[in-house]
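Notes follow once the structure below has been shown.
2 protein chains.
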Amino acid sequence: MKTPKVEKFGSEEDVVQLADLFRLMGDASRLRIIVSCLGDPISVGDIAAQLDLSQSLVSHHLRLLRAARVLKAERRGKQMFYSACDAHIDCVITDMMAHVGEPLDIEESD
Amino acid sequence: MKTPKVEKFGSEEDVVQLADLFRLMGDASRLRIIVSCLGDPISVGDIAAQLDLSQSLVSHHLRLLRAARVLKAERRGKQMFYSACDAHIDCVITDMMAHVGEPLDIEESD
DNA sequence: CAAATATATGAATACCTATTCATATATACT
DNA sequence: AGTATATATGAATAGGTATTCATATATTTG
Chain X
1 MKTPKVEKFG
11 SEEDVVQLAD
21 LFRLMGDASR
31 LRIIVSCLGD
41 PISVGDIAAQ
51 LDLSQSLVSH
61 HLRLLRAARV
71 LKAERRGKQM
81 FYSACDAHID
91 CVITDMMAHV
101 GEPLDIEESD
Chain S
111 MKTPKVEKFG
121 SEEDVVQLAD
131 LFRLMGDASR
141 LRIIVSCLGD
151 PISVGDIAAQ
161 LDLSQSLVSH
171 HLRLLRAARV
181 LKAERRGKQM
191 FYSACDAHID
201 CVITDMMAHV
211 GEPLDIEESD
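What follows is the structure, given as structure tokens:
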């Protein structure tokens with residue numbers, strides 16, 4: 001039996017939760033911040049400097065990303081270091097880049 | 111020199127393009143529409159009926175998804191059938207669901 | 001304690017977008 | 001031709017949101 005319906009999601013809440021995560025990655029500044037945190041934990045100031053974004057903006061975005069459990073924070077002295085909560089976000093980004101790199105398949109139906 | 115260790119993206123345009131794709135998936139209605147199109151091609155009317163969305167709304171979303179090369183359209187008589195452009199979108203959604211299903215790594219025990 | 005540094009937060013705003021309603025266009029059928 | 005069906009599109013709007021500026025909070029050090 002072929003895939004019946006949209007049983008990909010368990011519930012409606014799953015869809016909303018997934019969409020929320022995608023929306024968080026759907027902003028260029030935020031996506032850059034996420035990528036900055038994929039390696040070793042990095043401080044807020046370093047993120048801002050590296051991406052040339054205001055400290056305030058970075059902090060606002062980090063709060064959203066932390067609330068959505070995309071990133072986690074850890075204090076080291078005066079600084080806060082952020083890193084990814086798990087490795088799946090990295091996978092998602094990698095997959096999406098593969099999609100972007102996909103050659104356009106115009107019409108090959110023949 | 112400006113060599114951020116964020117070498118994940120080739121260029122700034124890549125980030126924007128990726129973010130655009132994530133933003134498209136960041137709306138619950140649109141995400142449902144995408145998932146509806148992951149299997150066999152499906153008509154606009156069937157998507158609307160299946161997801162209980164207005165025909166107009168579905169059509170508006172489909173236009174965006176088609177423009178972003180997430181979905182492709184094919185005419186069959188009076189109807190238009192939509193399906194995914196490639197398999198990566200499916201991978202991305204699957205990965206993200208794994209992320210959602212990830213256990214919280216904070217101290218929740220005890 | 002006070003000063004300096006690092007980060008967070010609140011408010012204001014300008015922009016964006018999801019949705020609806022009405023209407024246009026395309027295709028099939030008689 | 002005209003009618004019915006399926007989809008697309010334009011305009012309007014309500015709600016959302018990314019960004020900036022100013023300020024507050026936390027932490028270390030003198």
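Protein sequence lines correspond, in order, to chains X and S. Numbered as in the numbering used here, the first sequence ends at 110 without a single skipped number. Numbered as in the numbering used here, the second sequence ends at 220 without a single skipped number. All residues carry an ideal CB built from backbone N, CA and C; glycine is no exception. Note that the structure is a prediction, hence the values are computed from the model and not measured.
Quick one: is X/Gly39 buried, meaning 16 or more other Cβ sit within 10 Å of its Cβ, or exposed? exposed
Who are the near neighbours of X/Leu51 in its chain, counting only those whose CB is closer than 6 Å to its CB and skipping five residues on each side? Arg32
Taking the C-alpha atoms as reference points, what is the distance between X/Leu24 and X/Ala98? 20 Å
Partners in chain S for X/His88, counting only beta-carbon separations shorter than 8 Å: Going along chain S in sequence order, the residues near X/His88 (Cβ under 8 Å) are Asp205, Met206, Ala208, His209, Glu212.
In DSSP terms, what S/Asp152 is bridged to: Here residue 152 of chain S is Ile; the residue named in the question, Asp, does not match the sequence. The partner list for S/Ile152 (beta bridge, DSSP) reads S/Tyr192.
So with Cβ pairs under 8 Å, would you call S/Gln189 a contact of chain X? no
I'd like to know if X/Asp27 contacts chain S, where contact means its C-beta is closer than 8 Å to some C-beta of that chain. yes
Under 9 Å, CB to CB, which of the residues in the stretch 136 to 156 of chain S have a partner in chain X? Gly136, Asp137, Ala138, Ser139, Arg140, Leu141, Arg142, Val145, Ser146, Leu148, Gly149, Asp150
Using a Cβ cut-off of 9 Å, pull out every chain S residue sitting near X/Arg23, in sequence order please. Phe132, Arg133, Met135, Gly136, Asp137
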